[in-house]
């Protein structure tokens, strides 16, 4: 401030520009430096590590693509990657549920909808480890879930052991993940729906569109961006699922070890940092491929609905 | 010029640090520390350790030790920091300077000097302390054992009596027969696996050395060179195969808890104490915890692992975490830490109280090892010079992580036995293959 007030008026303009530059640079330097230091340098290092056979303390040298090759040839890792399919299936259910609740809460005037939103959103606020412990008790034989199911008349003998039986245990874990993230997705959807011009509904109602038609023709195209975001986050989240399998599934025991858990084990138990880095790189590549794939897919699918949306909107506007 | 500089530097040091110990720059070795001397020593120490169970507000065992120590050394402040995830976090924290004493985690022996100060020569300390070689490298000792244990099997005496087992099982067959008797005649769970906790499964690895072979060279010298270490050895059933076979058979015969995926480590202690569990395969450090978990401490017993070699049973004895002192600490801190460790080893009764074998030679043996009468207690000898890190490397390369956090492989035994989707011999064959591959990759001579 003091500098500004002492400069000559005719010089001020130029001076201020320089200052502006300086301020911008100074402000940018610190975060950029931190970003470089804590994100890009470690990332570059990880790429380098992935081509080495090394532990935390010993580097046995460059091994080319050997680490990468192992990721794809070891059945153990491929199986772990396939576990993501469970979580992806869960993600689809989760999005459908979230969208359903969001639409209902937005379209209908429901008493206590605020409370309901709060209840649905609450699990997202709970720490993932705490959720893990909650669900460990939830799924234990004869505990919460079994008690509830028995109360509605299902005998204990016909119930599976939710975490022991390998035919159901991954679904149990997926359920905890859906439980946690469904509310968050819902809130995002509600936010997006709220930004849609309400006159469109009125117009649609006058046109005689029912709720389902309104949902398909107005809401779905209107929240396309948020829907895409949620979908991408959920699918990439499924690829790197960790918390449920680590806490509820006893660190990935009993066939619940996701790829992320395998990476953790490789890095921290076996301490093969090179191999773990290569696995992390593969995971990242997978996530990128899935994200790009989804974008491409929806570019084609959504094009259609976007046209419908625009046509309807124009029609509605024309009516007014 | 150089001389002047060093003189000034030395002067600064002398003036800056009032303590006489720092002034002479050289730390005494551990054996030269005499308790009762230097009682005005002042330092703030951070003691990083894994025993969360001893660091609870209702049972501040560790703090009580410090209070006792402070009666003689009032100016040495010690703050215990305990961590449930110690094994992992210690590996990260070892490089920092925010601790003074810690239990030395699983690092390679050739790195000991990077992080810890030498406490004395192995030659001297070996004569005075048990397990001095546990964390030694190049003739120097870097860690003093905290407590030491002989590994065996926890059992409930009342349950055994009720099941009509009068003589402790000495072979795998007798052991399985005893478990069956428990299942038939009592309501107790014969063998509680503690599957869910993970590390309790990796604990089985501790028996494949001395307990299964009777050889003190097996674990650190032979295993890395052995061809097919998991191959079947019959008549008598010995070796790693026999150890893991017990677990597989127990699961297959339905002699374990109903739902292994939700076992609860904290919950199993009172169950053991109250006679709801017959047997648990855990190190003797667990003995005291089981005793304290209820009102029947007298029922808890400890026996040697049920494998006999030539009619004789062997029990591996070894140290728990060894205490090491941070190389980056100040000289006062290092000296104060030495006094505390000396006191902990000689006067605190820490190891005895925890049911451990004596650390200082000539110390008393606790009751726990009453059933070890006539059983050979031997310690694993060190790896051969130049091969100190070989087993670690073999563990990493084979990803079996024997005795080194390889919990998932032992959990796999239970899963396969329960689901019936893989025969025991096939599991062992896989492990042998992984071991052979690692030997080939590391160019290890196979004998």
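Chains as they are written, first to last, in our numbering: chain A, 693 to 1012; chain B, 169 to 615.
Ideal placement from N, C-alpha and C gives every residue a C-beta, glycine not left out.
Considering only C-alpha positions, which residue in the set the options is nearest to residue i?
| i | options | result |
| --- | --- | --- |
| residue 408(B) | 513(B), 471(B), 597(B) | 597(B) |
| residue 592(B) | 288(B), 453(B), 415(B), 337(B) | 415(B) |
| residue 967(A) | 748(A), 780(A), 854(A), 981(A) | 748(A) |
| residue 961(A) | 568(B), 261(B), 216(B) | 568(B) |
| residue 636(B) | 321(B), 335(B), 556(B), 506(B) | The question about residue 636(B) has no answer, for chain B in this structure spans 169 to 615. |
| residue 969(A) | 761(A), 858(A), 851(A), 805(A) | 761(A) |
| residue 319(B) | 551(B), 582(B), 543(B) | 543(B) |
| residue 356(B) | 425(B), 260(B), 602(B) | 425(B) |
| residue 210(B) | 561(B), 501(B), 611(B), 514(B) | 501(B) |
| residue 308(B) | 285(B), 399(B), 297(B) | 285(B) |
| residue 784(A) | 891(A), 922(A), 851(A), 845(A) | 922(A) |
| residue 337(B) | 532(B), 454(B), 346(B), 491(B) | 346(B) |
| residue 272(B) | 265(B), 264(B), 266(B), 255(B) | 255(B) |
| residue 776(A) | 757(A), 806(A), 866(A) | 866(A) |
| residue 269(B) | 261(B), 615(B), 494(B) | 494(B) |
| residue 230(B) | 410(B), 578(B), 508(B), 253(B) | 508(B) |
| residue 274(B) | 323(B), 295(B), 302(B), 290(B) | 302(B) |
| residue 431(B) | 972(A), 894(A), 920(A), 942(A) | 942(A) |
| residue 371(B) | 587(B), 521(B), 576(B) | 576(B) |
| residue 310(B) | 290(B), 450(B), 513(B) | 290(B) |
| residue 257(B) | 375(B), 217(B), 413(B) | 217(B) |
| residue 312(B) | 611(B), 514(B), 387(B), 606(B) | 514(B) |
| residue 262(B) | 297(B), 236(B), 219(B), 214(B) | 214(B) |
Residues of chain B with a CB under 7 Å from the CB of residue i: which are they?
| i | result |
| --- | --- |
| residue 964(A) | 564 |
| residue 749(A) | 276, 279 |
| residue 769(A) | Within chain B, no residue comes near residue 769(A); the closest Cβ sits about 11 Å away, beyond 7 Å. |
Mind pulling the chain A residues with CB within less than 7 Å of residue i?
| i | result |
| --- | --- |
| residue 617(B) | Outside the shown range of chain B (169 to 615) lies residue 617(B), about which nothing can therefore be said. |
| residue 428(B) | 856 |
| residue 567(B) | 962 |
| residue 444(B) | In chain order: nothing, as chain A lies at least about 15 Å away. |
| residue 587(B) | 858 |
Between which two residues does the alpha helix (DSSP H) holding residue i run?
| i | result |
| --- | --- |
| residue 923(A) | 916-931 |
| residue 897(A) | 891-899 |
| residue 821(A) | 820-831 |
| residue 368(B) | 367-370 |
| residue 817(A) | 805-817 |
| residue 257(B) | 254-261 |
| residue 877(A) | 861-886 |
| residue 956(A) | 951-960 |
| residue 582(B) | 575-587 |
| residue 780(A) | 776-799 |
| residue 608(B) | 592-609 |
| residue 612(B) | Note, residue 612(B): premise wrong, no alpha helix (DSSP H); not H, not E. |
| residue 759(A) | 758-765 |
| residue 525(B) | It is not in any alpha helix (DSSP H) - residue 525(B) carries neither H nor E in the DSSP assignment. |
Whole-angstrom Cβ separation of residue i and residue j, contact assumed at under 8 Å?
| i | j | result |
| --- | --- | --- |
| residue 428(B) | residue 368(B) | Contact doesn't hold; Cβ gap of about 11 Å is too wide. |
| residue 896(A) | residue 910(A) | 6 Å |
| residue 288(B) | residue 350(B) | With 8 Å as the limit, residue 288(B) and residue 350(B) do not qualify as a contact, their Cβ atoms being about 48 Å apart. |
| residue 465(B) | residue 548(B) | 30 Å between Cβ atoms; not a contact. |
| residue 855(A) | residue 834(A) | That pair is no contact at about 13 Å. |
| residue 358(B) | residue 474(B) | At roughly 13 Å, the Cβ-Cβ gap does not stay under 8 Å, so residue 358(B) and residue 474(B) are not in contact. |
| residue 417(B) | residue 333(B) | About 17 Å separates the two Cβ atoms, so there is no contact after all. |
| residue 791(A) | residue 881(A) | 6 Å |
| residue 461(B) | residue 440(B) | 7 Å |
| residue 990(A) | residue 920(A) | 6 Å |
| residue 536(B) | residue 586(B) | With a Cβ gap of about 32 Å, residue 536(B) and residue 586(B) do not count as contacting. |
| residue 931(A) | residue 988(A) | About 17 Å separates the two Cβ atoms, so there is no contact after all. |
Counting along the chain, where does the beta strand (DSSP E) carrying residue i start and finish?
| i | result |
| --- | --- |
| residue 145(B) | Any question about residue 145(B) goes unanswered here, given that chain B covers just 169 to 615. |
| residue 492(B) | 490-493 |
Strictly below 9 Å CB to CB, what residues from chain A border residue i?
| i | result |
| --- | --- |
| residue 576(B) | 943, 944, 945, 949, 957, 961 |
Output, in chain order, the set of chain B residues within a Cβ distance shorter than 9 Å of residue i.
| i | result |
| --- | --- |
| residue 765(A) | Correct list: empty, because the minimum Cβ distance to chain B is about 13 Å. |
| residue 828(A) | 364, 430, 432 |
Chain B partners of residue i, CB-CB under 8 Å?
| i | result |
| --- | --- |
| residue 833(A) | 426, 427, 430 |
Could you list which residues in chain A have their beta carbon closer than 8 Å to that of residue i, in chain order?
| i | result |
| --- | --- |
| residue 366(B) | 942, 943, 945 |
| residue 583(B) | 858, 945, 946, 947 |
| residue 573(B) | 961 |
| residue 256(B) | 960 |
Legend entry - beta strand (DSSP E) runs wholly inside the stretch 300-332 of chain B, at least 3 long, in chain order: 316-318, 320-324
Legend entry - Runs of beta strand (DSSP E) lying entirely within the stretch 421-470 of chain B, each at least 3 residues, in chain order: 445-448
Legend entry - Completely contained alpha helix (DSSP H) runs for the stretch 540-578 of chain B, where each covers 4 or more residues: 558-566
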